[in-house]
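*Asks:* Questions regarding the structure given below will be posed in turn.
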Amino acid sequence: MLFNPKPKMRREELYDREEELSLIENSIEKGLSLIVLLGIRRLGKSSLLNVTLNELPYRSVKIDARKVYSEFGSVPKEAIGKLILQGYLKGSTKERAKETLKSLKGVRIGGLGIELSVDRSVSLHEVLERIDSIGERFIIAIDEAQYLRFSNSRYPELIAWAMDELQNVSFILTGSEIGLLEDFLGLHDPESALFGRAHREIRLKRFERKQSRDFLMRGFEEVGMNVPEDEIGEAIGELDGIVGWLTLYGYNRYLGMSHREALNRLKEDARRLILAEFSALEKLSHRYELAMRAVANGKHRWKEIKETVELLEGKRIDDKNFSNVLNNLVRYGYLEKTIEGYFIPDPLVEHAFR
């Protein structure tokens, strides 16, 4: 169902991402070792990744780096190593698992089924070498990969090594905090281990108005609902091509809400979710929230945003420090910078801070 609010798993559930899906599949088939999938929150990156992994005829593992971080307060190599091995061994017999893991440092197999124990002595280089040596293509997909930066392990260097030395391992990395992931990987930074290596970057865009209308029309047709054109038009105008919000609007209507109830419920739920996500970001002072409020209320030039925040704080702010605030909000994906100034790319994020 198009309006299913959970991440999609099958191609038929995925709306109008055929081009991006084909790009990923073709890149994997051609042996490309690194694919980076970028886009602001709620554009469907996780759904696209799920469908890709289910469509491709290769073993794969999907790792949510944000989940690992929330569990450990970092992204330790032993946690990543265990998840990679679990993904590779999924569906294997215990005998095959023992053969694969034989003499692998820091890894043990338990007595019941395939229960892995991985300690700090594990070498991710050795894990990947062992998988590569078996001769079957294996895909390591890491969702919200910018969280890999919270580690003592040097993941960009590990990926660069794998790209140079391994023939059968490919990485797909996604990130909604686009600037953070770009800075972390350093694909365009001459000082980075990944600089100059062949890779594919795919950026998901919001739906255009025509796509948004078609998405809602198809979704309502699928669940047997006839929704007036003016209500669909207003929803499109309010949600501005963000597929996650369009999906939830459609789902609210499917549950029996009126047009107005569906939009109001969505806006209120989105406001709570967005502010909770924002407050969970590490090291962001109250000044970041004030800057977001200024932009949400129509201040877009650097100078006028700064003056508004200074007025709210009741004190002057150093220019360099304030530039860092706006630059970080861009890196986190909450603001976009254009020649006209700073803007909030998601209409419900704007609503939440207004």
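Numbering follows the working numbering, in which position 162 of the sequence shown is assigned residue number 464; successive positions increment by one, without gaps.
Think of the CB as a built atom: it goes at the ideal place given N, C-alpha and C, for glycine as much as any other residue.
Which runs of the alpha helix (DSSP H) spanning at least 4 residues fall entirely within the region 547-607, listed in chain order?
*Replies:* 561-582 and 588-598
*Asks:* If we count the other Cβ atoms within 10 Å of its Cβ and call it buried at 16 or more, is Val611 buried or exposed?
*Replies:* Around the C-beta of Val611, 16 or more other C-beta atoms lie within 10 Å, and the residue is accordingly described as buried.
*Asks:* Exposed or buried, what is Ile480 when buried is set at 16 or more other beta-carbons lying within 10 Å of its beta-carbon?
*Replies:* buried
*Asks:* Please tell me whether Gly543 and Arg508 are closer than 7 Å, where the distance is taken between their beta carbons.
*Replies:* yes
*Asks:* Could you give the distance in angstroms between the alpha-carbon of Lys379 and the alpha-carbon of Gly643?
*Replies:* CA-CA distance, Lys379 to Gly643, rounds to 40 Å.
*Asks:* From the DSSP output, in three-state form, read off Tyr644 for me.
*Replies:* If DSSP states are grouped into helix, strand and coil, Tyr644 belongs with the strands.
*Asks:* Would Leu660 and Tyr317 be called neighbours here (beta carbons separated by less than 7 Å)?
*Replies:* The structure shown does not extend to residue 660, since the chain is modelled only from 303 through 656, so no value can be given for it.
*Asks:* Closest to His501 by CA distance: which of Glu510, Ser472, Asp485 and Ala537 is it?
*Replies:* With distances taken between Cα atoms, His501 lies closest to Ser472.
*Asks:* Between the region 643-654 and the region 560-578, do at least 3 Cβ pairs fall closer than 8 Å?
*Replies:* yes
*Asks:* Considering only the alpha carbon of each residue, which of Gly389, Glu431, Pro649 and His561 lies closest to Ser405?
*Replies:* Comparing Cα positions, the closest option is Glu431.
*Asks:* Counting only beta-carbon atoms, is Leu339 nearer than 7 Å to chain B?
*Replies:* Included in the structure is just one protein chain, with no chain B present.
*Asks:* Could you please give the first and the last residue of the uninterrupted alpha helix (DSSP H) stretch that includes Leu482?
*Replies:* Ile480 to Leu487
*Asks:* So, under 8 Å CB-CB, Arg312 and Gly346 are touching, yes? Tell me the CB distance rounded to an integer number of Å.
*Replies:* With 8 Å as the limit, Arg312 and Gly346 do not qualify as a contact, their Cβ atoms being about 14 Å apart.
*Asks:* Is the separation between the beta-carbon of Ile441 and that of Leu475 shorter than 7 Å?
*Replies:* Going by C-beta atoms, Ile441 is not nearer than 7 Å to Leu475.
*Asks:* Give me the DSSP bridge partner(s) of Gly270.
*Replies:* Since the first residue of the chain shown is 303 and the last is 656, residue 270 is not available in this structure.
*Asks:* Between which two residues does the alpha helix (DSSP H) containing Leu355 stretch?
*Replies:* Lys347 to Glu357
*Asks:* What is the DSSP secondary structure of Lys364, reduced to helix, strand or coil?
*Replies:* strand
*Asks:* Runs of 4 residues minimum, wholly inside the region 488-535: which ones carry the alpha helix (DSSP H) assignment?
*Replies:* 511-524
*Asks:* How about Val363 and Val370: are their beta carbons less than 7 Å apart?
*Replies:* no
*Asks:* Bridge partners for Ile411 per DSSP, in chain order?
*Replies:* Beta-bridge pairing links Ile411 to Leu418.
*Asks:* If the criterion is Cβ atoms closer than 7 Å, does the pair Leu487 and Pro458 meet it?
*Replies:* yes
*Asks:* Quick check: what's the CA-CA separation for Leu358 versus Glu540?
*Replies:* So the alpha carbons of these two residues sit roughly 36 Å apart.
*Asks:* Could you say if the region 420-427 and the region 446-454 meet the contact criterion of at least three C-beta pairs nearer than 8 Å?
*Replies:* no
*Asks:* Taking its Cβ as the centre, do 16 or more other Cβ atoms sit within 10 Å of Tyr360, making it buried, or is it exposed?
*Replies:* Here Tyr360 is exposed: its Cβ has fewer than 16 other Cβ atoms, across all protein chains shown, within 10 Å.
*Asks:* In this structure, does DSSP put Glu638 in helix, strand or coil?
*Replies:* strand
*Asks:* For Ile461, which residues of its own chain have a beta-carbon under 7 Å away from its beta-carbon, when the five flanking residues on both sides are left out?
*Replies:* Here the set comprises Leu336, Phe473 and Leu496.
*Asks:* Relative to the C-alpha of Asp301, which residue among Tyr556, Gly558 and Leu550 is closest?
*Replies:* The requested residue 301 is not part of the displayed model; the chain covers only 303 to 656.
*Asks:* Would you call the CB atoms of Val627 and Arg589 closer than 7 Å?
*Replies:* yes
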